[in-house]
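Below you'll find the structure, written out as structure tokens, and then a few comments.
There are 2 protein chains.
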Amino acid sequence: MASAVADRGIALRPHTKTHKSVSLARIQLDAGARGVTVGTLGEAEVMAGGGIDDIFIAYPLWVDEGKAGRLRALLERDGLELAIGVDSTAGAERLARATGGLRRRPCVLIEADPGNRRTGVAAEEAAAVARAATNAGLEVRGVFVHGGHAYGGADAIAGAARDEVETLAAAVDALFAAGLPARVVSAGSSPTALGAAREPVNEVRPGTYLLGDRQQVALGASPPNGVAICVAATVVSTTVAGQIVIDAGAKALTKDLPPYLAGYGTMPAYPAGIIERVSDYHGVVTFPDGAARPSLGDIVAVVPNHACPVVDLYDSFIATRSGSTTGRWPVDARGRSG
Amino acid sequence: MASAVADRGIALRPHTKTHKSVSLARIQLDAGARGVTVGTLGEAEVMAGGGIDDIFIAYPLWVDEGKAGRLRALLERDGLELAIGVDSTAGAERLARATGGLRRRPCVLIEADPGNRRTGVAAEEAAAVARAATNAGLEVRGVFVHGGHAYGGADAIAGAARDEVETLAAAVDALFAAGLPARVVSAGSSPTALGAAREPVNEVRPGTYLLGDRQQVALGASPPNGVAICVAATVVSTTVAGQIVIDAGAKALTKDLPPYLAGYGTMPAYPAGIIERVSDYHGVVTFPDGAARPSLGDIVAVVPNHACPVVDLYDSFIATRSGSTTGRWPVDARGRSG
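Chains as they are written, first to last, in my numbering: chain B, 1163 to 1500; chain R, 1163 to 1500.
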């Protein structure tokens, strides 16, 4: 990812909500990332605490009293470049009030909606929010989108990437017409990152690409050998015919189940097994007659459907290479969902 | 729950995987619970560390090398009564080997399957596993079942409770015929706890009843005013027509979605809102035309579909009474899923 976007002359600002790890963010920065993206104030605090000095909170934070104190403390760190997403005039004005009087204030990026229908204004309304932010005393650094509708399936990705580019182009034009140049034009999700890496986009924010997961492979966004994450599970019961039970359930794999996948994860060594049911600590895996299956007590690798919420269930990664353990990386921002 | 089962002369051993909190377990013990149930060795370690001295791991642990060391350390605690579930001869023998030579060894309960089709042997096979455990040097304390098929819907509960009682009766008979009396006969889930609280059952293990959740209400297992848990969320975006976005997504509410519920949780103050989509940090809530909805910046209470995996996402409970904060209880066993 780093070299592919560098070849296009585009900046990489990976979303660290996937791994929540300062160690992994450092690997990404060492490979050329310009800074990091986070989804919450808590993640920003953790990354800044780990010495990372260029952070974009790609989220329309609503800065209530508790968050205002935390945000002000964060902005008082020396040398930290902090940008925050806004998608409303009220949100921009509140952010400005919460950070009034500080030596350094956050820049903002205006969020536009490329058709994902989650957050973000229509492109032509980006100028009004940008104007409000400027009037409130904030520096508008640019515009951003998230093409989450790429997750509709493999055939949705190209369209979502195109939507991102077109929405950003229209938002840039709207800001320009209002006398507000957009210095940063930021697109991104893992599936759309490369498709959206073209004019006027100058930054992409993929997250899951680093670890990969079953969903990314199904979408064609990761090669099958591009998945770096698995959950180690043990077969704990084989008493009910036609199935085995592993000790990875909803608190290990989550219940994330995209409509185009069967089961709550997959075991690469036993591809015929379907993790049909998960309860808190049990995963029930069914097999067609005659298919290879692990035995009681075996340890199996399970590739989760969606890496991001799974990582948030663990305190650390165990890093391995060629079957040997090479490190243990804390999930520093585990649980920092606010 | 405590008084209802006490009235029937039956012991309560609540499952603490729901709250993972020593403080809440103490409240349950003070209300008359005989001991606690846990689902993992990690939860047992946390509860024992909190001074709780009667613990049942209702799970067919596979005691590998790492777990053997942890289990031995746990068994060396003075005054701890520890019982562990088994559902296979191999599992019982492994448990016996792992705890060989200790002054105190765990008792075991044989798990039978009441039709949940997850773990547990057929009732008539319980005697063979019990015999193997006895021959391996373990004390068989009794039999247990989990009627998880009660979660099929409100009309499944009575049948699942009956299945639990009948399966336990058959397992008790099988053990008796083999010369192995079952001292503890343990049933349970929150929906079935009261229905199964009758001969020969002498212990029940509900968990979710303490906090309640949207699923328990839908099943008729909690009254609507019996839900003690909510997630506090803030409205962060209202830019897309027909919906609002809250800052509670999959890392706050999980993607647990029973087929008989619409949306990933419910807002009691805005019952027409449906939390249709969750991504990591966003919950997209749609409303029918004209329905009351919260405004940008409002804080809303969200009752989750399923309390257990949601609690595992947080470091503490904030306890309130009549709108005032009365305590902060750590989720001590958060993430202790193994």
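Quick reminder that beta carbons are idealized off the backbone N, C-alpha and C, glycines included.
*For chain R, is any of its Cβ atoms less than 8 angstroms away from the one on Tyr1443(B)?*
Position 281 of the first sequence, counting from 1, holds the residue named residue 1443(B). Tyr1443(B) counts as touching chain R.
*Proximity test, Cβ basis, 8 angstroms: Ser1183(B) and chain D*: The structure shown has no chain D; the protein chains it does contain are B and R.
*Mind checking if Tyr1432(R) is an interface residue toward chain B, Cβ cutoff 8 angstroms exclusive?*
In the second sequence, the residue the question calls residue 1432(R) occupies position 270. Output row for Tyr1432(R): interface = no.
*Can you name the residues that DSSP bridges to Glu1243(B)?*
Taking the first sequence and counting its residues from 1, the one referred to as residue 1243(B) is at position 81. Glu1243(B) is bridged to Asp1216(B).
_Three-state class that DSSP yields for Phe1338(R) in the structure shown_ = Your numbering for residue 1338(R) matches position 176 in the second sequence. Correct three-state label for Phe1338(R): helix.
*Roughly how many whole angstroms lie between the Cα atoms of Ala1235(R) and Ala1295(R)?*
Position 73 of the second sequence, counted from the first residue, corresponds to residue 1235(R). Position 133 of the second sequence, counted from the first residue, corresponds to residue 1295(R). Using only the alpha carbons, I get a separation of about 21 angstroms.
*In chain R, what lies closer than 7 angstroms to Pro1353(B) by C-beta?*
Numbered from 1 along the first sequence, position 191 holds the residue referred to as residue 1353(B). Here the premise fails: no neighbours, minimum Cβ distance about 14 angstroms.
*Are there three or more Cβ pairs, one per stretch, closer than 8 angstroms when the stretch 1294-1308 of chain B is compared with the stretch 1321-1337 of chain B?*
yes
*Taking only beta-carbon positions, decide if Cys1470(B) is within less than 8 angstroms of chain R.*
As a first step, residue 1470(B) must be located in the first sequence, where it is residue number 308. Yes, its Cβ sits closer than 8 angstroms to a Cβ of chain R.
_alpha helix (DSSP H) runs wholly inside the stretch 1322-1390 of chain R, at least 4 long, in chain order_ = 1376-1381
*Which two residues bound the contiguous beta strand (DSSP E) that contains Ile1172(B)?*
The residue you call residue 1172(B) lines up with position 10 of the first sequence. Per DSSP, Ile1172(B) belongs to no beta strand (DSSP E) and is neither H nor E.
_Positions along the stretch 1212-1239 of chain R whose CB lies within less than 8 angstroms of some CB in chain B_ = Tyr1221, Pro1222, Leu1223, Trp1224 and Asp1226
*So, are the CB atoms of Ala1323(R) and Ala1358(R) less than 8 angstroms apart?*
Here residue 1323(R) refers to the residue found at position 161 when the second sequence is read from its first residue. Here residue 1358(R) refers to the residue found at position 196 when the second sequence is read from its first residue. For Ala1323(R) and Ala1358(R), yes; Cβs fall inside 8 angstroms.
*To the nearest angstrom, report how far apart Leu1381(B) and Pro1368(B) are at their CA atoms.*
On the first sequence, residue 1381(B) is found 219 positions in, with the first residue counted as 1. On the first sequence, residue 1368(B) is found 206 positions in, with the first residue counted as 1. Spanning the two alpha carbons is a distance of roughly 14 angstroms.
_Helix, strand or coil, according to DSSP, for Leu1419(B) in the structure here?_
Counting from 1 along the first sequence, the entry for residue 1419(B) is found at position 257. If DSSP states are grouped into helix, strand and coil, Leu1419(B) belongs with coil.
*Specify, as a first and last residue, the run of the alpha helix (DSSP H) that Pro1471(R) falls within.*
Locating residue 1471(R) in the second sequence gives position 309, where the first residue counts as 1. First-last of the alpha helix (DSSP H) with Pro1471(R): Ala1469 to Val1473.
*asked:* Below 8 angstroms on the Cβ atoms is my contact criterion, and I expect Ala1395(R) with Ala1412(R) to pass it. Report the Cβ-Cβ distance as a whole number of Å.
replied: Mapped onto the second sequence, residue 1395(R) falls at position 233. Mapped onto the second sequence, residue 1412(R) falls at position 250. Contact flag wrong, Cβ pair sits at about 13 angstroms.
_I'd like the span of the beta strand (DSSP E) that includes Ala1481(R), first residue to last._
By 1-based counting over the second sequence, the position of residue 1481(R) is 319. That run of the beta strand (DSSP E) goes Ser1478 to Arg1483.
*Gly1282(R) by DSSP, collapsed to three states: which one?*
Working through the second sequence from its first residue, we reach residue 1282(R) at position 120. Three-state result, Gly1282(R): coil.
*DSSP state of Leu1223(B) mapped onto helix, strand, coil*: Translated into the one-based positions of the first sequence, residue 1223(B) becomes position 61. Reduced to three states, the DSSP call for Leu1223(B) is coil.
*beta strand (DSSP E) segment containing Leu1271(B), residue limits*: Looking up residue 1271(B) in the first sequence gives position 109. Leu1271(B) -> beta strand (DSSP E) spans Cys1269 to Glu1273.
*Could you tell me if Phe1479(B) is buried or exposed, where buried requires 16 or more neighbouring beta carbons within 10 angstroms of its beta carbon?*
Position 317 of the first sequence, counted from the first residue, corresponds to residue 1479(B). So Phe1479(B) counts as buried.
*Which residues, taken in chain order from the stretch 1254-1282 of chain R, show a beta carbon closer than 8 angstroms to some beta carbon of chain B?*
Arg1256, Asp1275, Arg1279, Arg1280, Thr1281 and Gly1282
*Can you find a C-beta in chain B that's less than 8 angstroms from the C-beta of Thr1370(R)?*
As a working mapping, residue 1370(R) is identified with position 208 in the second sequence. No, Thr1370(R) lies away from the interface with chain B (no Cβ there is under 8 angstroms from its Cβ).
*asked:* Are the CB atoms of Arg1188(R) and Ala1173(R) within a distance shorter than 8 angstroms?
replied: Here the question's residue 1173(R) lines up with position 11 in the second sequence. Here the question's residue 1188(R) lines up with position 26 in the second sequence. No; because the gap between Cβ atoms is not below 8 angstroms, this pair is not in contact.
*Counting only the same chain and skipping the five closest in sequence on each side, list residues whose C-beta sits under 7 angstroms from that of Ser1441(R).*
Counting from 1 along the second sequence, the entry for residue 1441(R) is found at position 279. Contacts found: Gly1411 and Ala1412.
*Among all the DSSP beta bridges, which residues are the ones paired with Ala1394(R)?*
To locate residue 1394(R), count along the second sequence from 1; it is residue 232. BP columns for Ala1394(R) point to Ala1463(R).
*For Ala1344(R), the nearest candidate out of Tyr1371(R), Leu1271(R) and Asp1317(R) (CA to CA)*: Residue 1344(R) sits at position 182 when you count from the first residue of the second sequence. Ranking Tyr1371(R), Leu1271(R) and Asp1317(R) by Cα distance to Ala1344(R) puts Leu1271(R) first.
*Note down, in chain order, each residue of its chain lying with its Cβ closer than 8 angstroms to the Cβ of Thr1180(R), except the 5 sequence neighbours on either side.*
What you label residue 1180(R) is simply residue 18 of the second sequence in a count that begins at 1. Gly1369, Thr1370, Leu1372, Leu1373, Ala1469, Cys1470 and Val1473, listed in sequence order.
*Starting from Lys1177(B), follow its DSSP beta bridges and name the residues at the other end.*
Within the first sequence, residue 1177(B) is the residue found at index 15, counting from 1. The sequence shown places His at residue 1177(B), rather than the Lys named in the question. Note: His1177(B) sits in a beta bridge opposite Thr1199(B).
*For Leu1337(B), decide whether its Cβ has a neighbour in chain R, counting only Cβ atoms nearer than 8 angstroms.*
In the first sequence, the residue the question calls residue 1337(B) occupies position 175. No, Leu1337(B) lies away from the interface with chain R (no Cβ there is under 8 angstroms from its Cβ).
*Cβ-heavy atom distance between Asp1192(B) and the ligand GDP below 7 angstroms?*
Of ligands this structure carries none, so the ligand GDP is not represented either.
_Tell me the residue span of the alpha helix (DSSP H) that contains Arg1256(B)._
Position 94 of the first sequence, counted from the first residue, corresponds to residue 1256(B). Where Arg1256(B) is concerned, the enclosing alpha helix (DSSP H) stretches over Thr1251 to Ala1260.
*Following the continuous alpha helix (DSSP H) through Ser1183(B), name the residue where it begins and the one where it ends.*
Indexing the first sequence from 1 puts residue 1183(B) at position 21. From DSSP, Ser1183(B) is part of no alpha helix (DSSP H); its letter is neither H nor E.
_Three or more C-beta pairs under 8 angstroms: does that hold for the stretch 1478-1497 of chain B against the stretch 1444-1455 of chain B?_
no
*Should Lys1229(R) and Leu1203(R) be called a contact, given that it needs their Cβ atoms to be closer than 8 angstroms?*
For the purposes of this step, residue 1229(R) is taken as the residue at position 67 of the second sequence. For the purposes of this step, residue 1203(R) is taken as the residue at position 41 of the second sequence. For Lys1229(R) and Leu1203(R), yes; Cβs fall inside 8 angstroms.
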